[in-house]
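Only one structure is covered here, and it is reproduced in the block below.
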Amino acid sequence: MSTYQKHRKVILPVLLFPILILLWEFYIKIGNVPNYLLPRPYDLFVSLISLFTKGHAMKHIWTTLKEIFVGTGIGMMIGLVFGYLMAKIRIVEKMIMPFIIIVQTAPKISLAPLFILWMGLGIESKAALVILVVSFPILINEVSAIRSIEEDAYHLMKVLKGNRWQVFWYIELPYSLEMLLSGIKLALTQAITGAVIGEMIGAKAGLGYLLTLGSETYDIKMILNAVILLSFIGLVLYLISERIEKKALYWKAVDQRVIG
Amino acid sequence: MGQKENDVVIRDLDKIYGNLLKEDTVALKGINLSIKKGEFVSIIGPSGCGKSTLLKIIGGLEKLSAGTIEYSDPENRLGFVFQDSVLLPWKNVRENAEFPLVIQKKQTKENEEKLDALLDLAGLKEFSSALPRELSGGMKSRVSIVRALSYDAPLLLMDEPFGALDALTRDHLNIELLKIWSKTNKTIIFVTHSIEEAVFLSDRVIVMATRPGRIREIVPIDLTRPRDEDSRNDSKFGEYCRYLREIIG
Ligand SMILES: Nc1ncnc2c1ncn2[C@@H]1O[C@H](COP(=O)(O)OP(=O)(O)OP(=O)(O)O)[C@@H](O)[C@H]1O
Ligand SMILES: [Mg+2]
Chain A
1 MSTYQKHRKV ILPVLLFPIL ILLWEFYIKI GNVPNYLLPR PYDLFVSLIS LFTKGHAMKH
61 IWTTLKEIFV GTGIGMMIGL VFGYLMAKIR IVEKMIMPFI IIVQTAPKIS LAPLFILWMG
121 LGIESKAALV ILVVSFPILI NEVSAIRSIE EDAYHLMKVL KGNRWQVFWY IELPYSLEML
181 LSGIKLALTQ AITGAVIGEM IGAKAGLGYL LTLGSETYDI KMILNAVILL SFIGLVLYLI
241 SERIEKKALY WKAVDQRVIG
Chain B
1001 MGQKENDVVI RDLDKIYGNL LKEDTVALKG INLSIKKGEF VSIIGPSGCG KSTLLKIIGG
1061 LEKLSAGTIE YSDPENRLGF VFQDSVLLPW KNVRENAEFP LVIQKKQTKE NEEKLDALLD
1121 LAGLKEFSSA LPRELSGGMK SRVSIVRALS YDAPLLLMDE PFGALDALTR DHLNIELLKI
1181 WSKTNKTIIF VTHSIEEAVF LSDRVIVMAT RPGRIREIVP IDLTRPRDED SRNDSKFGEY
1241 CRYLREIIG
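Protein chains in written order, with the numbering used here: chain A, 1 to 260; chain B, 1001 to 1249.
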C-alpha cells in the first residue's frame, strides 16, 4: 500500500478543508454578507482563541463533559441492572415493560424543562436527562442480549455443575459487556444531545448554555464556536469509544481494512 | 462384556412436551435401556425421533415425564459434547478446553498437564491461543471434545459432534475418538445420523423409531477392536451397515 492509500481517510478531508475556507471567504465577499450573520473565517478563529483566553472555554467544556460522563456512566449501570433483572425475572418484565415502551416512544428530551424545574440549573438536571436518554436503549438491549444467549451455554454450565454466580460471571456478564461496548458509541452520541439540550433550556455553564447565550445576544461567533467545540468533543468521544470497542471486543473484531 | 456392571439404567422412560396450542408432543415413549461401564453405544434414527431429547434427559438437562434413570456414579459426573460446539467466543482454544477445570476449581498441575496432553492428542497444540472465530468446524468440534474430556467424568454424552463435517475429517476424528476412549475407559453415548459412523464406533447401535420416539431395535456390533481404517473393509462392517439401513428404512 502506498502512503496515500494508507492515510487516504485523513488526507482527503484535510485537502477539502482549505477549499471550504476559501469558498466561505468568497461567499462573504461576493454576497456582501454582514458580519453579524456570518463572520469571516479569520475573525471566527480569533474569537475562538479569545474564548479560551478570556471566556472560560475550559469551564464550559468541562461542565458539558461532566454531564456526559456522569450521566452515561450512571445511565449504563441502571440500564444494565434493570435490563438484567427484567430478562431473568418474568414478573418484573411483565410489570415494567409497558411503562418502558411508553417512556421509550415519548421524546425523552421533552422532559428537560421538568428536570430543570425539579433539580435546578446545576449539573444534576442535565446529568439526569442524560441518564434518562442513555439508560433506556441500554436496558432494552440488555434484555435481548441476555435472552439471546444460547440455551446450550446454560446447559454447559449445568453439566459442569456451575453455580448461579459462575453462570453470571462467566456467561451472562461477558455477553452483557459485549452489548454494552458495541452500544457505547450510540450512547455517547445520545448523551451529548441530551446534555446540550438540557443546557440550552436552563443552565449556568456548558456549551449548550453558550449556544443560548449567543442566540440571545445575537453573537453569531459564540454560537459557531460552541458548535465547533461540540463537534470536536463528539469526534473525540467517537474515536475513543471506537478504540475501546475494538480493544475490548478483540475476539469478534473483523479487520475492516479489507473492506475499506 | 456381559459380565460388566451397568453404568446407566433407564426404565419405562416417557417424555412429553406440553403444547399450549396443539396436542402435546410425545417425544419418547417406554424407553428401556441399560448401558454398561466402558461401553460405546450409538443412537441412530430419523430426524425428530427424540435422540437429542433422550441424551439431554440422560445428561440431566431435561426433565423426564415418567420412568426412572439410575447412574452408577453417585456424583453423576458427566461430559456433554453439544451439536454446535458451544465455545465461549472470548476465550482461546486452551481457555475453552480448560473451562471445566476453572468452574470446578480443579486447576491442579496434574490436570493442566493432562489437558495439554489431550490438546496435543487432538492436534490442537499449535492452536492453543487461537480464538474460536479463527477455527474450522472440525477444530471447534475437537476443542469441545477436549473440553468434555478435560475433567474426570466417567460418562460422556455426544450429540452429533461430527455432524457438520465432511466424510474424510469425520473418519479421521472417529479413529482419534476411539483412541481416546480406549485410553480413558469412559462410557460413551453417541448420537449420529451416519450409519457407517455408528457401526464403526460402537459396541451396540440403538435404532430409534419416530412418533412416538421409541427404541426399535438394539444391534450389537461384533467387530474386533482396536478398529482402524481397515475395519471399514471388513465384510461384516458392510453387512451391519446394510442391515441397519434396512430397518431404518
Ligand atoms: N423444547 C421442546 N419443546 C417442545 N417440543 C420439543 C422440544 N424439543 C424437542 N421437541 C420435540 O421432540 C421431538 C424429538 O426432538 P429431538 O430434538 O429429540 O429429535 P432428534 O432425534 O434429536 O432430531 P434430529 O435428528 O433432527 O436432531 C420432536 O418432535 C420435537 O419437535
Ligand atoms: Mg438432535
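We put the CB at the ideal spot given by N, CA and C, even for glycine.
From a predicted model like this one, the values you see are computed outputs, not experimental measurements.
Contact with chain A by residue i, beta-carbon distance below 8 angstroms
i: residue 1181 of chain B; result: no
i: residue 1232 of chain B; result: no
i: residue 1154 of chain B; result: no
i: residue 1100 of chain B; result: yes
i: residue 1040 of chain B; result: no
i: residue 1061 of chain B; result: yes
i: residue 1104 of chain B; result: yes
i: residue 1020 of chain B; result: no
i: residue 1190 of chain B; result: no
Inter-residue CB distance, residue i and residue j (contact presumed, cutoff 8 angstroms)
i: residue 1079 of chain B; j: residue 1153 of chain B; result: 4 angstroms
i: residue 1053 of chain B; j: residue 1021 of chain B; result: With a Cβ gap of about 20 angstroms, residue 1053 of chain B and residue 1021 of chain B do not count as contacting.
i: residue 1231 of chain B; j: residue 1223 of chain B; result: 6 angstroms
Nonlocal neighbours in the same chain, by C-beta distance under 8 angstroms from residue i, ignoring five residues either side
i: residue 1241 of chain B; result: 1195, 1196, 1199
i: residue 1114 of chain B; result: 1150
i: residue 1018 of chain B; result: 1024
i: residue 39 of chain A; result: 47, 220, 221, 224
Same chain, Cβ closer than 6 angstroms to residue i, neighbours up to 5 away in sequence not counted
i: residue 48 of chain A; result: 225
i: residue 1009 of chain B; result: 1034, 1070
i: residue 208 of chain A; result: 196, 199, 200
i: residue 57 of chain A; result: 51
i: residue 1138 of chain B; result: 1165, 1169
i: residue 167 of chain A; result: 157
Close-in-space but distant-in-sequence residues of the same chain around residue i (CB under 7 angstroms, 5 per side omitted)
i: residue 1087 of chain B; result: 1096, 1132, 1140, 1143, 1144
i: residue 95 of chain A; result: none
i: residue 121 of chain A; result: 202, 203, 204
i: residue 1227 of chain B; result: 1178, 1200
i: residue 93 of chain A; result: 86
Euclidean distance between Cα positions of residue i and residue j
i: residue 6 of chain A; j: residue 236 of chain A; result: 21 angstroms
i: residue 1185 of chain B; j: residue 1201 of chain B; result: 14 angstroms
i: residue 1188 of chain B; j: residue 1057 of chain B; result: 15 angstroms
i: residue 1048 of chain B; j: residue 1210 of chain B; result: 7 angstroms
i: residue 140 of chain A; j: residue 193 of chain A; result: 20 angstroms
i: residue 187 of chain A; j: residue 222 of chain A; result: 27 angstroms
i: residue 250 of chain A; j: residue 1135 of chain B; result: 15 angstroms
i: residue 176 of chain A; j: residue 244 of chain A; result: 15 angstroms
i: residue 259 of chain A; j: residue 8 of chain A; result: Below a pLDDT of 50, predicted positions are generally treated as unreliable, and residue 259 of chain A, at 36, falls in that range; the measurement from the model is reported next regardless. Whole-angstrom Cα-Cα distance: 14 angstroms.
i: residue 1111 of chain B; j: residue 65 of chain A; result: 51 angstroms
Short CB-CB distance (under 8 angstroms) between residue i and chain B
i: residue 166 of chain A; result: yes
i: residue 158 of chain A; result: yes
i: residue 169 of chain A; result: no
i: residue 150 of chain A; result: yes
i: residue 162 of chain A; result: yes
i: residue 145 of chain A; result: no
i: residue 153 of chain A; result: yes
i: residue 256 of chain A; result: With a pLDDT of 48 at residue 256 of chain A, under the threshold of 50, the modelled position of this residue cannot be trusted; read the value that follows with caution. Chain B contact via Cβ: absent.
i: residue 246 of chain A; result: no
i: residue 94 of chain A; result: no
i: residue 62 of chain A; result: no
Residue i: CB within 7 angstroms of a non-hydrogen atom of ligand 3
i: residue 110 of chain A; result: Judged by which ligands are present, ligand 3 is missing from the structure shown, whose ligands are ligand 1 and ligand 2.
Next on the checklist: Using only Cβ atoms and a threshold of 7 angstroms, which residues come within that distance of a heavy atom of ligand 2? Order them by chain position.
Outcome noted: B:1051, B:1052, B:1083, B:1159, B:1160, B:1191
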